[in-house]
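Numbering (the working numbering), first residue to last: 1 to 266.
First comes the structure, then the notes that go with it.
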Amino acid sequence: MNAQEIKTDYHMHSTFSVDGQDTIETLCWRALALGLTEIAITEHAEWHPQWHAGAPAFDDYFEEINRLRSEFGPRGLTLYSGVELGNPHEFQAQARELVGRYPFDVRLASLHWLYGENIHDASCFAGREPLDVYADYFSAVGHMAAESSNIDVIAHFDRILWRGTLLGAAFRPQSLESIIRDTLATIAWRGLALELNTKLLNLNPGWRSALVTMLQWYHEEGGRRVVVNSDAHRASQIGANLEQARLALSEAGLQPATLQSALSLA
Ligand SMILES: [Zn+2]
Ligand SMILES: [Zn+2]
């Protein structure tokens, strides 16, 4: 296996998301140019009161997805629909209504909110011990995996480490091993896929060795399904850091999965 063999990407945002910069069509052209064969456009769905926009116009979104499927399918690019649900275990009724109303091919679940704060913000750490924040975050990801219905993939399960690392808070996964293993085991037994998010894999300082350790634990807990996703918010971010992703997976003894294999193994 080499990086060129990762030809799928099931997490990216178009202008249907408030923070997406490029149209679905532009994302498709870029993916095709990079030699990808399958992508999913996963727009944000958030119900947290701090989120600054409502749900995307999913009727228009599906119209566009269907139009582009017939455009790009014959060129060798399969286009999947999708959604990224923020804290779906805390907004069960809304999440159930949305995924019941639209035929999403892939439903990502993301822990975006902790203590009522966005996990990307420093306010999440304010007045708290970093180790407590990490413990609460990984435990909340476990609750999300256990309690959400109608989800397929746990997205960017390590994202809290971005802000923590920026704040200089060291992270040794061994100090939270039982919590993190519980969460990874839950993801495995629920038959969900784990996302290896490539967006921040090139950061220095980063948390590479911690990530590899956690992927190894996922493997040891019975997890096999890892999807490698960019979380691109613009076309130029598609395909980033695939070599780092390939290396991390192979060190953990894991193979990248396709959506079909990840979702049909259950
Ligand atoms: Zn996210
Ligand atoms: Zn995203």
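Here a beta-carbon is modelled for each residue, glycine too, at the ideal position from N, C-alpha and C.
Own chain partners of residue i with C-beta closer than 8 Å, once the 5 adjacent residues on each side are dropped
| i | result |
| --- | --- |
| A266 | The predicted position of A266 is uncertain, since its pLDDT is 42 and thus under 50; no value can be drawn from it. |
| I119 | L111, H112, W113, Y137, R159, I160, R163 |
CB contact flag (residue i, residue j, <9 Å)
| i | j | result |
| --- | --- | --- |
| T198 | A252 | no |
| C28 | E71 | yes |
| R61 | F91 | Reading off the sequence, residue 61 comes out as Tyr, not Arg. Taking 9 Å as the Cβ cut-off, Y61 and F91 do not qualify as a contacting pair. |
| L167 | P130 | yes |
| A40 | L259 | yes |
| V153 | H44 | no |
| D158 | L211 | yes |
| R224 | L184 | no |
Same chain, Cβ closer than 7 Å to residue i, neighbours up to 5 away in sequence not counted
| i | result |
| --- | --- |
| H280 | Only positions 1 to 266 of the chain appear in this structure, which leaves residue 280 out of reach. |
| N87 | H48, L111, H112, W113, M144 |
| H156 | S110, E195, N197, D231 |
| K117 | Strictly speaking, residue 117 in this sequence is Glu, with Lys absent from that position. Closer than 7 Å at the Cβ level, and outside the excluded window around E117, lie S123, C124. |
| L201 | N241, Q244, A245 |
Anticipated Cβ contact below 8 Å, residue i with residue j, distance rounded
| i | j | result |
| --- | --- | --- |
| L215 | A248 | 6 Å |
| G82 | D105 | 6 Å |
| F125 | G164 | 7 Å |
Heavy atom of ligand 2 within 8 Å of residue i beta-carbon
| i | result |
| --- | --- |
| D231 | yes |
| T186 | no |
| H44 | yes |
| A31 | no |
Those residues which DSSP pairs with residue i across a bridge
| i | result |
| --- | --- |
| S110 | G86 |
| S81 | I41 |
| I154 | A109, L194 |
| A232 | M12 |
| P256 | V226 |
| N267 | Here the chain comprises residues numbered 1 to 266, so residue 267 is not present and cannot be evaluated. |
Residue i CB to nearest heavy atom of ligand 1 below 8 Å
| i | result |
| --- | --- |
| R159 | yes |
| S110 | yes |
| E84 | yes |
| H48 | no |
Beta-carbon contacts of residue i that lie in its chain and below 6 Å, excluding the five residues immediately before and after
| i | result |
| --- | --- |
| E46 | G86 |
| I179 | A135, F138, S139 |
| S148 | P88, H89, A109 |
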